[in-house]
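A short worksheet on the structure shown next.
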Amino acid sequence: MSRRARLVRLDGMLLSRIARSRLAAFEREWNYDTSYMRDILSAGFGALRPLLGLGRMAAFRRGVPAAPWFAAKLAATRAEDCGPCLQLVVTMAERAGVAEPVLRALLAGDAAGVPEDVALGWRFARAALAHDPAADDLRAEIERRWGRAGLVSLAYAIAVSRVYPTLKYALGHGRACALVRVGAHESAVAPAPAAQTR
Numbered sequence: 018m019s020r021r022a023r024l025v026r027l028d029g030m031l032l033s034r035i036a037r038s039r040l041a042a043f044e045r046e047w048n049y050d051t052s053y054m055r056d057i058l059s060a061g062f063g064a065l066r067p068l069l070g071l072g073r074m075a076a077f078r079r080g081v082p083a084a085p086w087f088a089a090k091l092a093a094t095r096a097e098d099c100g101p102c103l104q105l106v107v108t109m110a111e112r113a114g115v116a117e118p119v120l121r122a123l124l125a126g127d128a129a130g131v132p133e134d135v136a137l138g139w140r141f142a143r144a145a146l147a148h149d150p151a152a153d154d155l156r157a158e159i160e161r162r163w164g165r166a167g168l169v170s171l172a173y174a175i176a177v178s179r180v181y182p183t184l185k186y187a188l189g190h191g192r193a194c195a196l197v198r199v200g201a202h203e204s205a206v207a208p209a210p211a212a213q214t215r
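The number in this note's numbering is simply the position in the sequence shown, starting from 1, with 17 added.
What follows is the structure in structure tokens.
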């Protein structure tokens, strides 16, 4: 093996060790199982690298308040029917200050029970996912309220929230939604829109 190949191999091993440490820290902080990411890492650090870039996209939020942004994430994650992913989004929303009654209403599919701006994020995500023409009017309202950066923030939130559950199911780590903890209590999760039409 050449010196360069040995250095590349050592760099990969070091990066993999750092990644495993960060995944363990994420698991402790959020009480979330990252075994699917460790499975990806077992194929080499290069296999995990594209997923790391999604983290920046998932965290992008400009102009739009936290509650409507998380409402869009919840709608998109719920549509993919991954309970652990949905729990992670709920936990992150709680830490960002989204009120428990708002989260419970969204989990129950009750957009009428939340503030208007939160309902806008929720309805937009559901319309965009369904390719519903109603998304056009909602998009215009989002741009009016929060500007182009707000719209991009919601679009990223919707798109990335679908990637993680899809990846988990493809790798054999997906688990369906049933109950999600909000605060000290478990909340039932309303069926995803696709499931309601079957």
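Every residue gets a Cβ at the ideal spot worked out from N, C-alpha and C, and that includes glycine.
Would you list the one or two residues that DSSP bridges to residue i?
{"i": "S170", "result": "Paired residue(s): none; S170 is not in a bridge."}
Taking just the CA atoms, how far does residue j sit from residue i?
{"i": "R130", "j": "A136", "result": "Reading off the sequence, residue 130 comes out as Gly, not Arg. C-alpha separation (whole angstroms): 8 Å."}
{"i": "F62", "j": "S33", "result": "5 Å"}
{"i": "A174", "j": "F77", "result": "8 Å"}
{"i": "S204", "j": "R121", "result": "6 Å"}
{"i": "C194", "j": "V115", "result": "21 Å"}
{"i": "L196", "j": "V106", "result": "14 Å"}
{"i": "A207", "j": "A147", "result": "17 Å"}
{"i": "Y186", "j": "G164", "result": "34 Å"}
{"i": "D153", "j": "R162", "result": "14 Å"}
{"i": "R45", "j": "L71", "result": "20 Å"}
Can you list, in chain order, the residues of its chain whose CB lies under 8 Å from that of residue i, leaving out five sequence neighbours each side?
{"i": "A172", "result": "A145"}
{"i": "F43", "result": "Y49, T51"}
{"i": "D149", "result": "R143"}
{"i": "M74", "result": "Y173, A176, V177"}
{"i": "E117", "result": "E111, V199, G200"}
Helix, strand or coil: how does DSSP classify residue i here?
{"i": "E46", "result": "helix"}
{"i": "V218", "result": "Nothing in the structure corresponds to residue 218, since the chain is present only between 18 and 215."}
{"i": "E203", "result": "strand"}
{"i": "C99", "result": "coil"}
{"i": "G138", "result": "helix"}
{"i": "L188", "result": "coil"}
{"i": "P85", "result": "helix"}
{"i": "D149", "result": "coil"}
{"i": "A125", "result": "coil"}
{"i": "G164", "result": "helix"}
Excluding sequence positions up to five away, which residues of its chain have a Cβ less than 7 Å from the Cβ of residue i?
{"i": "E97", "result": "R179, P182, T183"}
{"i": "L168", "result": "R156, I159, E160"}
{"i": "R140", "result": "A128, L155"}
{"i": "A36", "result": "L58, F62, L65"}
{"i": "P101", "result": "Y49, D50, R192"}
Counting along the chain, where does the alpha helix (DSSP H) carrying residue i start and finish?
{"i": "L68", "result": "62 to 76"}
{"i": "S52", "result": "52 to 58"}
At what residues does the beta strand (DSSP E) containing residue i begin and finish?
{"i": "V197", "result": "196 to 199"}
Excluding five sequence neighbours on each side, which residues of the same chain lie with their C-beta closer than 6 Å to the C-beta of residue i?
{"i": "D134", "result": "P85"}
{"i": "M54", "result": "L40"}
{"i": "A166", "result": "R79, G80"}
Is residue i near the ligand FAD, going by C-beta to nearest heavy atom under 7 Å?
{"i": "A129", "result": "The model depicted lacks the ligand FAD and carries no ligand whatsoever."}
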